[in-house]
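All remarks here apply to the structure that follows.
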Amino acid sequence: MCKERAVVLRDENLFRLPESSRGDCPICCLPISLDNLKSTLQTCCSKLICNGCVYANMLRERGNNLKHRCPFCRHPMPKTKKENRKNRKKRVAVKDPVALRELGGEHYDKGDYSGAFPYLTEAAAFGDMYAHYSLSVMYGEGKGVEKDDEMAWYHLEEAAIGGHHLARYNLAVRERENGRFDRAVKHFIIAANLGDDASIKQLRIGYIFSLGYTDGKVRKEDFASALRAHQA
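Quick note: the sequence shown uses the UniProt record's numbering, first residue 1, plus one each step.
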């Protein structure tokens, strides 16, 4: 009975619509775009700031002949990669999850998976959803750690619960492959609400061809609601 209740509670948490893991710009308070090219991560404070605010701050500084500083914490902007690394090192020292994740990602991109794993694990423990997503890949592919499908699934779900749109999309695809279409569509709907383009396309296909819901269809009202949220 306890295990059954735990499964029910897990599903309630899993299928609750979360805020995007991207968060809001700390300057203008508007949602950060899923497009990585439309925001900038500040190594001094680990804040993700939309490029509109970055540009506005730059214009203000140029117009008033001011030194270039972070729009959020006002720390002098780094001029070299060495200064960037120095900033990140300071943030890692105080266990900043974003800095830990970025350092882990740097090791991962270099192919140093065993070096990436401890940083990403620590970042995930502090609640970083991108770290959870990376760990799901590492456990799933056996990179830097012994392959473990159960742990891969756990971290994928944790990332999705925290609003990571790619994790949510991947859960949807895997549930569909397992024949659990009702769960797949729920995941697609949540991912579409978070702004994921691929998920709204999958819902459109499911709606057109009448595939995927508990009765064999993506319901019109669900597709319409997801489409409105995606376009918002």
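For glycine and all other residues, C-beta sits at the position ideal for the given N, C-alpha and C.
When the Cα of Val218 is compared with those of Gly206, Ala224, Ala56 and Ser225, which residue comes out closest? For Val218, the nearest C-alpha among the options comes from Gly206.
Please classify Pro76 as buried or exposed, where buried requires at least 16 neighbouring CB atoms within 10 angstroms. With fewer than 16 other beta carbons inside 10 angstroms of its own, Pro76 counts as exposed.
Please classify Cys44: is it buried, with 16 or more other beta-carbons within 10 angstroms of its beta-carbon, or exposed? Classification for Cys44: buried.
Under 6 angstroms Cβ to Cβ from Met138, same chain only, skipping five residues before and after it: list those, please. For Met138, where only same-chain residues beyond five positions count, the Cβ hits under 6 angstroms are Gly144 and Val145.
In whole angstroms, what separates the C-alpha of Ala123 from that of Val94? If you take the alpha carbons of Ala123 and Val94, they lie about 12 angstroms apart.
Touch check for the segment 69-89 and the segment 114-134: three-plus C-beta pairs under 8 angstroms? These segments do not touch.
Report the residue from Tyr108, Gln202, Gly195 and Ala131 whose alpha carbon sits nearest the alpha carbon of Leu17. It is Gly195 whose Cα lies nearest to the Cα of Leu17.
By Cβ distance below 7 angstroms, which residues in the same chain neighbour Ala184 in space, the five residues on each side in sequence not counted? Cβ within range, chain order: Ala172, Glu175, Arg176 and Gly212.
Per the contact definition of three or more C-beta pairs closer than 8 angstroms, is the segment 51-61 in contact with the segment 27-42? Cβ pair count under 8 angstroms is three or more, so yes.
Buried or exposed, going by whether 16 or more other CB atoms sit within 10 Å of the CB of His68? Flag for His68 reads exposed.
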